[in-house]
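Letter by letter, the sequence shown follows residues 3 to 264 in my numbering. Every residue gets a Cβ at the ideal spot worked out from N, C-alpha and C, and that includes glycine. Predicted, not measured: the structure shown is a model, and the values here were computed from it.
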Amino acid sequence: MVNISPIPAFQDNYIWLITNNKQAVVVDPGQAAPVEQVLAERELTLTGILITHHHHDHTGGVEALLDNWPQARVYAPASEPLPAQGAIAVSDGDHVTLPELGLEFEIMAVPGHTLGHIAYYEANGVAGEPLLFCGDTLFSGGCGRLFEGTAEQMHHSLTRFAALPDPTRVYCTHEYTQANLAFCHAVEPNNVELQKYLQKVAKLRQQGIPTLPSSIGQEKAINVFLRPHLEGVKASAQAHEGAELNENIKVFAALRRWKDAF
Ligand SMILES: [Zn+2]
3 MVNISPIPAF QDNYIWLITN NKQAVVVDPG QAAPVEQVLA ERELTLTGIL ITHHHHDHTG
63 GVEALLDNWP QARVYAPASE PLPAQGAIAV SDGDHVTLPE LGLEFEIMAV PGHTLGHIAY
123 YEANGVAGEP LLFCGDTLFS GGCGRLFEGT AEQMHHSLTR FAALPDPTRV YCTHEYTQAN
183 LAFCHAVEPN NVELQKYLQK VAKLRQQGIP TLPSSIGQEK AINVFLRPHL EGVKASAQAH
243 EGAELNENIK VFAALRRWKD AF
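What follows is the structure, given as structure tokens:
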């Protein structure tokens, strides 16, 4: 049975560990030391590394991990600088098979945060729940900043995520949930699902428990960046922008600008 757990790194990053309690694959190891510590404690063999985009807090540990685990396969976006020699470049529609864990990921191109950003989607998943490793594209209650791509690209990427099944577990790479929800609340003060989730998240954080993974269904209910098509979200964005926003993409772009300054 595969289980998935977060390894905290830096201030608020999560490196996701996917393991059958013998072999292990990590997603976006920005640091090697916390990964090595968990591998040693749990007597795991590192067999693979999945990379979503080129930022250092997602790739900084790759070289050091490969020094100890030279047989580990590294997968990374084809259109960004590879994090290590011998890394396998993957792009939209490619499949990454991890036979040791019985998982097969489909690659989704999700530009916006960076231009070559990819996500790893596993349709069969664990316990009937598909898996999505989305890097810095989607956060619980938020989305990545537009460092390289356009609002249009990010909106399209998030629309692809929103089309995935509701039970899909969403493994985001930062613990930004609580701050993100404050913004969602400013946009949608009357969203009852959001109010419930705010309370749940506050309790988890008080106890130091990660708020992730989230799910696609949960995010569709509370994350304003997946809700620009809704009248209430549009009205708030228009009021803040002081202009009429007659397309979803324009509402999305206004929300992103608003959040950047929030
Ligand atoms: Zn990033």
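Residue i versus the options, residue with shortest Cα-Cα distance
{"i": "Val-253", "options": "Val-235, Phe-264 and Asn-182", "result": "Val-235"}
{"i": "Met-156", "options": "Val-27, Asn-23 and Ala-256", "result": "Ala-256"}
{"i": "His-119", "options": "Asp-30, Glu-43 and Gly-143", "result": "Asp-30"}
{"i": "Asn-250", "options": "Asn-192, His-158, Pro-167 and Cys-186", "result": "His-158"}
{"i": "Tyr-138", "options": "Thr-61, Asn-193, Ala-66 and Trp-71", "result": "As written in the sequence, residue 138 is Asp, which differs from the Tyr given in the question. Per the Cα distances, Thr-61."}
{"i": "Asn-23", "options": "Asn-5, Gln-33 and His-115", "result": "Asn-5"}
{"i": "Cys-145", "options": "Gln-209, Arg-171, Asn-126 and Thr-175", "result": "Thr-175"}
{"i": "Leu-133", "options": "Glu-38, Trp-18 and Trp-260", "result": "Trp-18"}
{"i": "Phe-227", "options": "Ala-11, Arg-147, Asn-70 and Lys-205", "result": "Arg-147"}
{"i": "Thr-21", "options": "Gln-13, Ser-81, Arg-259 and Val-40", "result": "Val-40"}
{"i": "Gly-114", "options": "Asn-126, Ala-78 and Gly-151", "result": "Gly-151"}
{"i": "Ala-129", "options": "Phe-141, Gly-143 and Leu-105", "result": "Leu-105"}
{"i": "Gly-143", "options": "Glu-154, Glu-177 and Glu-108", "result": "Glu-177"}
{"i": "His-58", "options": "Gly-127, Ala-42, Glu-38 and Glu-82", "result": "Glu-82"}
{"i": "Trp-260", "options": "Gln-13, Ala-153, Val-37 and Phe-107", "result": "Ala-153"}
{"i": "Tyr-16", "options": "Leu-140, Thr-116 and Tyr-173", "result": "Tyr-173"}
{"i": "His-97", "options": "Tyr-77, Asn-193, Ser-217 and Pro-85", "result": "Tyr-77"}
{"i": "Gln-25", "options": "Ala-11, Ala-263, Gly-210 and Ala-42", "result": "Ala-42"}
{"i": "Ser-216", "options": "Pro-10, Phe-264 and Phe-141", "result": "Phe-141"}
Cα-Cα separation, residue i to residue j
{"i": "Gly-95", "j": "Leu-183", "result": "32 angstroms"}
{"i": "Thr-213", "j": "Ala-181", "result": "12 angstroms"}
{"i": "Met-3", "j": "Glu-124", "result": "15 angstroms"}
{"i": "Thr-47", "j": "Phe-185", "result": "41 angstroms"}
{"i": "Glu-102", "j": "Arg-44", "result": "17 angstroms"}
{"i": "Pro-191", "j": "Pro-169", "result": "25 angstroms"}
{"i": "Met-110", "j": "Tyr-122", "result": "6 angstroms"}
{"i": "Ala-188", "j": "Thr-179", "result": "14 angstroms"}
{"i": "Glu-131", "j": "Glu-221", "result": "15 angstroms"}
{"i": "Arg-207", "j": "Cys-136", "result": "22 angstroms"}
{"i": "Val-203", "j": "Pro-167", "result": "23 angstroms"}
{"i": "Leu-100", "j": "Val-28", "result": "12 angstroms"}
{"i": "Ala-35", "j": "Ala-223", "result": "37 angstroms"}
{"i": "Arg-75", "j": "Gly-219", "result": "32 angstroms"}
{"i": "Gly-244", "j": "Ser-238", "result": "10 angstroms"}
{"i": "Trp-66", "j": "His-231", "result": "First, the amino acid is wrong: residue 66 is Ala here, not Trp. Taking the straight line joining both Cα atoms gives about 45 angstroms."}
{"i": "Pro-72", "j": "Val-64", "result": "11 angstroms"}
{"i": "His-56", "j": "Gln-33", "result": "14 angstroms"}
{"i": "Ser-93", "j": "Ala-241", "result": "39 angstroms"}
{"i": "Arg-171", "j": "Pro-79", "result": "22 angstroms"}
{"i": "Asn-126", "j": "Phe-107", "result": "9 angstroms"}
{"i": "Pro-8", "j": "Val-37", "result": "10 angstroms"}
{"i": "Asn-193", "j": "Glu-233", "result": "12 angstroms"}
{"i": "Asp-69", "j": "Leu-247", "result": "52 angstroms"}
{"i": "Ala-205", "j": "Asp-262", "result": "Note that residue 205 is Lys in the sequence shown, not Ala. Distance between the alpha carbons of Lys-205 and Asp-262: 26 angstroms."}
{"i": "Asp-14", "j": "Arg-229", "result": "26 angstroms"}
Residue range of the beta strand (DSSP E) that includes residue i
{"i": "Ala-184", "result": "Where Ala-184 is concerned, there is no enclosing beta strand (DSSP E), although the alpha helix (DSSP H) it sits in stretches over 179-189."}
{"i": "Ser-7", "result": "5-11"}
{"i": "Trp-18", "result": "15-21"}
{"i": "Glu-154", "result": "Element bounds for Glu-154: not the beta strand (DSSP E) but the alpha helix (DSSP H), 153-164."}
{"i": "His-97", "result": "97-100"}
{"i": "Val-194", "result": "Element bounds for Val-194: not the beta strand (DSSP E) but the alpha helix (DSSP H), 194-208."}
Residues that residue i bridges to, as DSSP identifies them
{"i": "Gln-25", "result": "Thr-47"}
{"i": "Ile-120", "result": "Ala-111"}
{"i": "Ile-90", "result": "Tyr-77"}
{"i": "Phe-254", "result": "Answer by DSSP bridge pairing: none, since Phe-254 is not bridged."}
{"i": "Val-172", "result": "Leu-134 and Ser-216"}
{"i": "Val-226", "result": "For Val-226, which the question treats as bridged, DSSP gives no partner whatsoever."}
{"i": "Glu-106", "result": "Thr-99"}
{"i": "Phe-141", "result": "Gly-144"}
{"i": "Leu-52", "result": "Val-29 and Tyr-77"}
{"i": "Val-128", "result": "Glu-131"}
Range covered by the alpha helix (DSSP H) that runs through residue i
{"i": "Glu-243", "result": "233-243"}
{"i": "Asp-59", "result": "58-61"}
{"i": "Glu-249", "result": "Glu-249 -> no alpha helix (DSSP H), and no H or E assigned at all."}
{"i": "Asp-69", "result": "64-70"}
Handout entry: Any 3 or more C-beta pairs closer than 8 angstroms across the region 153-168 and the region 193-209
Key = no
Handout entry: Inter-stretch contact at 8 angstroms, needing at least 3 Cβ pairs: the region 47-56 / the region 72-91
Key = yes
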